[in-house]
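Q:
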Amino acid sequence: MLRPFKAYLREAGLSPGDQVVYYGCPGACTPFIELLGFAVRDLPIEQVYVPEADEERARVIRQVAGVGMQVSGDAIRVDPKVIVLMGGLAMPGVPGVPGVKEMLQATVGAHPGAKVVGICFMQMFERAGWLDAFDFDLIIDATLNPVRVWR
C-alpha cells in the first residue's frame, strides 16, 4: 500500500509545495493518513488532512520528531493537486455524515485538474458503489485476509 502510493506521487509531476489532501473519517482514517504521510515524508509536498469533506476544518500534517507524521492544529487553505479519498468514508453509516458521497463529489468537482486517488481496504469503494461515482486516477485496495491472532 505504501510503496505504490509513494511511487504514484513521485510520478505524478508534482512541484515543490503542491498539496496532497487526504479526506477521511476522524479517528478511523486518521492513523492510516498519518502512515501514508510518513511513507512520503521525504517528498517536497505539503500534506493536508480534511475531516470528512469539510475543508473549513483542514489541518496541516507535519512530521513530529520521535513520533512520526501527525495532524497538527494548524488550519490551512485547501488547493489540492492530489485528492486522496479514504475508504472509511464509503463505509455504511459513517457517523454524522449523511450524503457523504455527494458531498465528496461536489468537493472533488470544486478542484478541477486535481488527480483523485482512492485508498481502501476489502473492496470498500466497490461495495459502496463508488467506482463509477469518482474518476479515480489510482485505487489502492488492500486486503486484510486472513487476519491471524495469537495468544
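In this text, residue positions in the sequence shown follow my numbering: the first is 880, and each later residue adds one. All C-beta atoms, glycine included, are put in the ideal place defined by N, C-alpha and C.
1) Take residue 1012 and list the residues in its own chain whose beta-carbon comes closer than 7 angstroms to its own, dropping the five residues that flank it on each side.
2) Please tell me whether residue 982 and residue 932 are closer than 8 angstroms, where the distance is taken between their beta carbons.
3) The alpha helix (DSSP H) with residue 952 in it runs from where to where?
4) Count Cβ pairs between the segment 990-1003 and the segment 936-950 that sit closer than 8 angstroms; are there 3 or more?
5) When burial is assigned at 16 or more other CB atoms within 10 Å of the CB, is residue 959 buried or exposed?
6) Using alpha carbons as the reference points, say which of 918, 950 and 1017 lies closest to residue 964.
7) Would residue 909 pass as a contact of residue 903 if the rule is Cβ separation under 8 angstroms?
8) Measure the alpha-carbon distance for residue 1030 versus residue 966 and round it to whole angstroms.
9) Assuming residue 997 is part of the beta strand (DSSP E), what are its boundary residues?
10) Return helix, strand or coil for residue 943, following the three-state DSSP convention.
11) Report the three-state DSSP secondary structure of residue 880 (helix, strand or coil).
A: Let's see:
1) Numbered from 1 along the sequence shown, position 133 holds the residue referred to as residue 1012. Taken in chain order, the residues that qualify are 980 and 984.
2) Here residue 982 refers to the residue found at position 103 when the sequence shown is read from its first residue. Here residue 932 refers to the residue found at position 53 when the sequence shown is read from its first residue. Taking 8 angstroms as the cut-off, the beta carbon of residue 982 is found closer than this to the beta carbon of residue 932.
3) Here residue 952 refers to the residue found at position 73 of the sequence shown. First-last for residue 952: 947-954, but that is the beta strand (DSSP E), not the alpha helix (DSSP H).
4) no
5) Taking the sequence shown and counting its residues from 1, one reaches residue 959 at position 80. So residue 959 counts as buried.
6) For the purposes of this step, residue 964 is taken as the residue at position 85 of the sequence shown. Ranking the options by Cα distance to residue 964, first place goes to 1017.
7) Locating residue 909 in the sequence shown gives position 30, where the first residue counts as 1. Locating residue 903 in the sequence shown gives position 24, where the first residue counts as 1. Yes.
8) By 1-based counting over the sequence shown, the position of residue 1030 is 151. By 1-based counting over the sequence shown, the position of residue 966 is 87. CA-CA distance, residue 1030 to residue 966, rounds to 30 angstroms.
9) Here residue 997 is taken as the residue at index 118 of the sequence shown, counted from 1. Taken as a continuous stretch (DSSP letters only), the beta strand (DSSP E) holding residue 997 covers 994-1000.
10) The sequence position of residue 943 within the sequence shown is 64, counting from 1. It is a strand residue.
11) Stepping through the sequence shown from its first residue, residue 880 is reached at position 1. Note: residue 880 maps to coil in three-state DSSP.
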